[in-house]
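Reading through the C-alpha cells given below for one structure.
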Amino acid sequence: MTSLLPSSPVNVVDALRGDRYARPLANTTSASGLRAQLEDGIYHVIGKNNPAAPLIVRASSLRQPVRSTDLSLSATGRIRGVLINQLLRLHCVGISIDHAFEEAVEAWRGEVGENDLLERLEQLDDDERARLATDVTAHAVTLMRAFGPLPKRWTPRSTVRATQRLAAGNVILRDVIDLMMGTNNADAAAVVLLDVTTSPLGEGAERTMRYHALVETLRTSIVPLRSSTFSTATGDLWTVDVDHELLTRSCDEVLAVIEELWKNQ
Amino acid sequence: MTTLLHRRHTSDQLNELIGTAPAELVALTDDHRRSLTARFRAVPNTEHRRLDAWSVERAGQPSSPFRWSPNTARRSIGNASLRRVDLKPEVSLTEAVHLEIDDLLLRAISQYARAGSLAHWLAGLTQPVLGLVSAEAMNWATQLFEAAQGLANPWRVPACDAYYDVATARTTLRGRRDLIVSRDESRIIIRLRAGAPGKSAGPGLRADMTIDALNHVEGVAPSRFIGLWPEAGVVLSVDGTMVDLRAGARDLVRTAVVQRRSRLAVAA
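Chains as they are written, first to last, in my numbering: chain A, 1306 to 1570; chain B, 2 to 269.
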C-alpha cells in the first residue's frame, strides 16, 4: 500500500511508525532476484567491457534529470543541507538545540575537521553568513516541530552509509540514509528509512525513496517496511510502503542511470 | 592453502559460518612464539613498534597519525554500550551510549583520565560535538547489536582488544575483536568493519586472528575469525588453521620490514 500525505502530520515519527499490527512479514526472498535483475541489466548495457573507472550511482544521480539545474546543489544549498543533517543527527540522540546554526556548524567542524565546503562557509561575508544562518534556523524550526522525540527503543541511526558492488565491481551503488529506525531482527518488516531534504519534494524525491529502499534491500537481504522523505522547506512528508513492485521499478531507474553514465564515459 | 570465505551478511549466513567452523583446535606453542620473536628481532627498530591488522592491510605504508574524532571514538563507546545493554537488558542502546559517555566524562573530571585518552578528549568537547560522538557510537552499537541478536550461540563483547608484546623485540601487536561467540570448547571472533572490504581484507583478518591466538594464555586460536562489513552487506572469514596462523604471522613480520624500509628511505 502506498500512501501520500497531503500535509505534514503533527509528528513525523507517528507517521513513520504507522499501525504496528498491520506490518507485513519480513521479506527475505526478494533481494537475490533484484540483484540478478541488476546484474543482467548491467551486462546488457556494458557487456563484457570494463569501464576505466567504476560507474558510481548515488541517490543524487536519481534526484534530477541530467542537464537540469537544481539550486539546492549550489554551494550554499549544499552547506544548508549538511547543517540540517547535523541537526537531525543531534536530535536523534536527544541533544536539545538552542542555537541551530552555531551548533550545527560546530558539530560539522567536529566531524570533518577541514574540507572544501567548510572552507567555503568560512569565506562567506557577514551578510551571506547571516542570510544562511536565518535560512538554516527556519529549516531547523520546521524539522524540530515535525519530529517529536524519537522513541529510544527504535534505535535511531543517522547518516547510515551503504555500498553495493555489482558487475564484479564495475558498478558501485552508494547511498547515505539520513535516518534509519527499527530492527531487522523481527519477524515483521520493521525498518523505516527517512531522507531529509532542504528542497521542495518533486519527482526526484520519489526516485530517491525507491533507491534508498533498493540499496537497503541489497545490503541486508531484507526488504524495509517503508521509505520516506521529509522536506524542511515545505514541511511535507512523503512515505511509501516498500513492496516488490517498487523495488523492481527502482532497478529500472538505476539501470537507466547506469546506461547514461556508460554513454557519457 | 589459506582460507577465505565470502558470504552475504544475513543472520542465517553468520550462523552457518559459526556452525561450520573447524572443530579441531589449533594452538601456538612456545616454539612458535620464540620463532616469531626471532623474526621481529631481525628487523631492528629504534622506537617502539605497534602493528595491527590495519598496518597489514596498508602493506606497512605509513598512515596519518591517530587523533580522536567521532569516527575513531565510536568503536570504544559503541562496544562498551553494548556490553552495558548485555548486562542490563532493560537499558536501551541510546541510554547506554549516554551512560557510557557520562562515565567517561566523570572519569576525566575526577582526573582519572590520562592526557590523550578518550575520556580526556571527550571532556574538552562542546555539546554539539559530544552529540555527534553519541550519534556515531549509536550507529556502531546498533550494527553490532543487530548482528549479535541474530546469533544462535552465546556471545559476549570483550572488555578489551587482544594485545601481545613480542619479547625483547620492542614490538606490540594489537588484534581488534568486537564479539566473542562460544561454540562448545572453541570460540569464534567477530570483528565489525566500516566501508567495504578491500583486496587485503583477508590478510587483515588473518593478522587479527594470529594476534588473538598469541594473546590466548595457551595459544589456542579461534576456530574462525569473521569480518563483518554491514555497510557493504558482506561477511568474510578465515579459519583458525596453522596455515592461516603462519600466514598471519608472516604478514605481520613483512609489515615490520616494509615499515623499516620506508623509515630508512625517509632518513636517507
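Beta carbons: idealized from backbone N, C-alpha and C, even for Gly.
Sorted by chain position, which residues of the same chain lie with C-beta nearer than 8 Å to residue i's C-beta, five sequence neighbours on each side aside?
i       : result
B/L26   : E186, S187, V221, A222, S224 and G241
A/E1558 : L1367, R1512, R1515 and Y1516
B/T173  : H49, R50, R51, L52, Y164, Y165, D166 and V167
B/I110  : A124
Taking just the CA atoms, how far does residue j sit from residue i?
i       : j       : result
B/R40   : B/A170  : 9 Å
B/K200  : B/A54   : 13 Å
B/E219  : B/D213  : 11 Å
A/I1402 : A/S1533 : 24 Å
B/V158  : B/P71   : 21 Å
B/V239  : A/L1499 : 36 Å
B/R85   : A/T1333 : 31 Å
A/L1395 : A/F1535 : 17 Å
B/P66   : B/T73   : 12 Å
A/R1414 : A/L1423 : 8 Å
B/D209  : B/T3    : 15 Å
B/G151  : B/I191  : 13 Å
B/Q260  : B/H121  : 30 Å
A/H1444 : A/S1365 : 20 Å
A/R1524 : A/T1544 : 21 Å
A/G1346 : B/G20   : 36 Å
A/V1317 : A/M1485 : 13 Å
A/K1568 : A/A1561 : 11 Å
A/V1398 : B/T30   : 48 Å
A/R1462 : B/L265  : 45 Å
B/R184  : B/N154  : 7 Å
B/R178  : A/S1504 : 42 Å
On the criterion of 16 or more Cβ atoms from any shown chain inside 10 Å, does residue i qualify as buried, or is it exposed?
i       : result
A/Q1570 : exposed
A/I1361 : exposed
B/Q144  : buried
A/Q1391 : buried
A/D1432 : exposed
B/V244  : exposed
A/S1526 : buried
B/A60   : exposed
A/A1510 : buried
A/P1529 : buried
B/E91   : exposed
A/C1556 : buried
B/H99   : buried
B/E58   : buried
A/T1460 : buried
List, in order along the chain, the chain A residues whose C-beta lies closer than 8 Å to that of residue i?
i      : result
B/N140 : R1462, S1463, T1464 and V1465
B/E126 : The question names Glu, but residue 126 of chain B is Leu in the sequence shown. Those are G1415, listed as they occur along chain A.
What does residue i touch in chain A if you count any residue whose Cβ is under 9 Å from its own?
i      : result
B/R178 : Near B/R178 there are no residues of chain A at all, since even the closest Cβ is about 22 Å away, more than 9 Å.
B/G290 : Outside the shown range of chain B (2 to 269) lies residue 290 of chain B, about which nothing can therefore be said.
If you drop the 5 nearest sequence neighbours on each side, which residues of the same chain put their C-beta closer than 6 Å to that of residue i?
i       : result
B/A250  : L37 and T211
A/E1564 : V1350
B/A24   : none
A/D1324 : none
A/V1465 : I1482 and M1485
B/V258  : V44
Does the Cβ-Cβ distance between residue i and residue j come in under 8 Å?
i       : j       : result
B/L83   : B/V236  : no
A/A1412 : B/P129  : yes
A/V1501 : A/T1539 : no
B/A163  : B/W156  : no
A/A1320 : A/A1491 : no
A/P1329 : A/A1472 : no
B/E101  : A/K1457 : no
B/R9    : B/G196  : no
B/T1    : B/S56   : Any question about residue 1 of chain B goes unanswered here, given that chain B covers just 2 to 269.
For residue i, go through chain B and note every residue whose CB falls closer than 7 Å to its CB, in chain order.
i       : result
A/K1568 : Ordered by position in chain B, no residue passes the 7 Å Cβ test against A/K1568, which lies about 26 Å from the chain.
A/E1408 : P129
Excluding sequence positions up to five away, which residues of its chain have a Cβ less than 7 Å from the Cβ of residue i?
i       : result
A/V1520 : A1467, Q1469, L1478 and D1480
B/R194  : G228, L229 and W230
A/R1261 : Given a span of 1306 to 1570 for chain A in the structure shown, any question on residue 1261 of chain A remains unanswerable.
A/V1387 : W1413 and L1422
B/L119  : W69, A74, S77 and L105
A/L1566 : L1360
B/G79   : A138, W141, A142 and L145
B/C161  : none
Using a C-beta to C-beta distance shorter than 7 Å, which residues of chain A count as neighbours of residue i?
i      : result
B/V236 : By Cβ distance, chain A contributes nothing, its closest Cβ being about 11 Å from B/V236, past 7 Å.
B/V130 : E1411, A1412 and G1415
B/T9   : It is worth fixing the name first, because residue 9 of chain B is Arg in this sequence and not Thr. The contacting residues are S1526.
B/P71  : G1415 and E1416
Chain B partners of residue i, CB-CB under 8 Å?
i       : result
A/V1398 : T95, V98, H99, G132, S135, A136 and M139
A/Q1469 : A233 and G234
A/R1394 : G132, L133 and A136
Under 9 Å Cβ-Cβ, which residues of chain B neighbour residue i?
i       : result
A/K1457 : S93, L94, T95 and E96
A/T1488 : T143, F146, E147 and Q150
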